[in-house]
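Asker: Sharing a structure with you now.
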Amino acid sequence: MNYGDRQNNKKKYLTMQAFLKGGSTFSKNKEKTAPTTSKDAKDLKETKKHIPWVEKYRPRCVDDVAHQEEVVSVLKKSLEGEDLPNLLFYGPPGTGKTSTILAASRELFGADLVKQRVLELNASDERGIDVVRKKVKNFSQLTASGTRPNGKPCPPFKIVILDESDSMTRPAQAALRRTMEKQTKTTRFCLICNYVSRIIEPIASRCAKFRFMPLSVKTLGDRLKMICEKENIQCSEEAMTALIDTSGGDMRKAITYLQSASRLKVDEEITKTDIFEIAGVILDEVIDQLIKACHSDSYEKLGTCVKDIICDGHSAMQLITQLHDKIVQMEELDDKQKSIICEKLAIVDKCLMDGADEFLQIMALTGVMMQQICHEQK
Ligand SMILES: Nc1ncnc2c1ncn2[C@@H]1O[C@H](COP(=O)(O)OP(=O)(O)OP(=O)(O)O)[C@@H](O)[C@H]1O
Ligand SMILES: [Mg+2]
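Numbered per my numbering, the sequence shown finishes at 371, counting up by one with no gaps.
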């Protein structure tokens, strides 16, 4: 057998191997790499399939961030070359605070430089006074050039992102004050929090504040529809409304519920009941029955009804939230009666948070409701 024949045989063997492993046999030059490539591609597909949708659909660029026009326009100006102030983002969970600054950093510095130029610290990192004094201070003192390695221009500063900064201690925040001022030439700070009142005033006054609002019904609807289309899932209009209502403007919650529902209903249409089930919302009929029991003027009936609800596994917290909405709308009660019930509701809420017994607390609340409905004159 000459050299040419041997080579040919080897090629045939490799081609057969590739074929048996499901690799492509079309390209003569890729026989050797075909099996691994196809395996890699499959692995990649599998990993992609298992990425939570909140991450998969996290905005990649500032333009992708929905609903937060004010902050987006400021960040876009800085992307066009204008200076960036120190930033303070605050607002409820799942409204895009972390995503916005991460996307902006990526756009400002590009994927290669972002690791050098951005220091991200969140609540999972140690952020006591020592870390502020050493890590943050050292990082912010480093100088930053205005060009990338390839010669293209980039902003001549670094960014320190302090995510979830409402959990930083006061001394740690105080230690930031001077660093923030001294390093304005080389560093911009971006503080992110849910509760702006926990940020000390001197820090807040050094930053441009941006309030992230709960997302509007339209924004949530549009984005959820886009995800449904891309993931090829069917979601009824009613279910979509239920998703938007239960999420309360939190995009993360809405997307997570949608993903859970899609796992529950493979190749079937997602319905309103599925969403309620996942979100732990108690059906209206159950609440109505409880209110009916309050009208019965019998503690025995009330007790049975409350026990049934607790035994069904509904959470007492969810129950009082939904009861609150009903009570506010009840026409048979006047304002005084409603305020008495709501006061009790607040006490029960606190007790439940402190770990009190669910049955007893709901009985205490519905007991007051029964008293007001059956015995108090308007
Ligand atoms: N404005 C938005 N536009 C597009 N997607 C959004 C927006 N807000 C939230 N999301 C979606 O919700 C997910 C969570 O957003 P993000 O982590 O930015 O929230 P956050 O405001 O930082 O919340 P937290 O206060 O809990 O940290 C994102 O991955 C994205 O999929
Ligand atoms: Mg966040």
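We put the beta carbon where it would ideally sit given N, CA and C, even for glycine. If you're wondering where the values come from, they're calculated on a predicted model, not measured in any experiment.
Can you give the beta carbon distance from Ile268 to Leu236, rounded, assuming they're within the 8 Å contact cut?
Answerer: Indeed, because the Cβ distance is near 5 Å, the residues count as touching under 8 Å.
Asker: Taking its Cβ as the centre, do 16 or more other Cβ atoms sit within 10 Å of Lys223, making it buried, or is it exposed?
Answerer: So Lys223 counts as exposed.
Asker: Is the beta carbon of Glu231 closer than 8 Å to that of Thr264?
Answerer: Closer than 8 Å, so yes.
Asker: Quick one, which of Glu157, Ser98 and Leu345 has its alpha-carbon nearest Phe150's?
Answerer: Taking only the C-alpha atoms, the option nearest Phe150 is Ser98.
Asker: Measure the alpha-carbon distance for Lys258 versus Asn225 and round it to whole angstroms.
Answerer: Distance between the alpha carbons of Lys258 and Asn225: 12 Å.
Asker: How would you write the range of the beta strand (DSSP E) that Val341 sits in, first residue to last?
Answerer: Not the beta strand (DSSP E): Val341 falls in the alpha helix (DSSP H), residues Asp328 to Met346.
Asker: Please write down, chain order preserved, every residue whose beta carbon lies under 7 Å from a heavy atom of ligand 2.
Answerer: Per the Cβ criterion, the list is Lys90, Thr91, Asp156, Glu157 and Ile185.
Asker: Taking the alpha-carbon positions, what's the Thr450 to Thr136 distance?
Answerer: Any answer about residue 450 is impossible in this case: the structure gives the chain only from -6 up to 371.
Asker: At a cut-off of 7 Å, would you count Tyr292 as near ligand 1, judging by its Cβ distance to the nearest heavy atom?
Answerer: Incorrect: Tyr292 has no Cβ contact closer than 7 Å to ligand 1.
Asker: Going by CA-CA distance only, name the one from Glu325, Leu101 and Gln227 that's closest to Arg256.
Answerer: The shortest C-alpha separation from Arg256 is found at Gln227.
Asker: Could you pull the start and end residues of the alpha helix (DSSP H) that Tyr250 belongs to?
Answerer: It spans Met244 to Leu257 - the alpha helix (DSSP H) in which Tyr250 sits, taken as one unbroken run.
Asker: Rounded C-beta distance between Thr93 and Val124? I'm assuming under 8 Å.
Answerer: Their Cβ separation, rounded to whole angstroms, is 24 Å, which puts Thr93 and Val124 out of contact at 8 Å.
Asker: Just checking my contact of Ala309 with Gln354 at CB under 8 Å: how many whole Å lie between their CB atoms?
Answerer: The pair is a contact, with the Cβ atoms about 6 Å apart (cut-off 8 Å).
Asker: Quick one: is the Cβ of Tyr188 within less than 7 Å of any heavy atom of ligand 1?
Answerer: Outside the cutoff, so no.
Asker: So, using beta-carbon positions, are Glu270 and Gln330 closer together than 8 Å?
Answerer: Against a cut-off of 8 Å, the Cβ pair of Gln330 and Glu270 comes out as no contact.
Asker: Which runs of the alpha helix (DSSP H) spanning at least 4 residues fall entirely within the region 149 to 192, listed in chain order?
Answerer: Counting whole runs of 4 or more residues, the region 149 to 192 contains the alpha helix (DSSP H) stretches 163 to 175.
Asker: Quick check on this structure: which residue in Asp342, Pro45, Ile366 and Ala197 has the alpha carbon closest to the alpha carbon of Gln311?
Answerer: The shortest Cα separation from Gln311 among Asp342, Pro45, Ile366 and Ala197 belongs to Asp342.
Asker: Val111 lies in the beta strand (DSSP E); which residues open and close that run?
Answerer: Val111 -> beta strand (DSSP E) spans Val111 to Leu114.
Asker: Excluding sequence positions up to five away, which residues of its chain have a Cβ less than 6 Å from the Cβ of Leu68?
Answerer: Taken in chain order, the residues that qualify are Val55 and Ala97.
Asker: Under 7 Å: does the beta carbon of Gln365 sit that close to some heavy atom of ligand 1?
Answerer: False, no ligand heavy atom lies under 7 Å from that Cβ.
Asker: For Gly89 versus Pro52, is the C-beta spacing smaller than 8 Å?
Answerer: Against a cut-off of 8 Å, the Cβ pair of Pro52 and Gly89 comes out as a contact.
Asker: Given 7 Å as the limit, tell me if Tyr50 has its C-beta closer than that to any heavy atom belonging to ligand 1.
Answerer: Within the cutoff, so yes.
Asker: Quick check on Pro195: does DSSP put it in helix, strand or coil?
Answerer: Note: Pro195 maps to helix in three-state DSSP.
Asker: Just the Cα atoms here: how many angstroms apart are Gln365 and Cys335?
Answerer: Taking the straight line from one Cα to the other gives about 12 Å.
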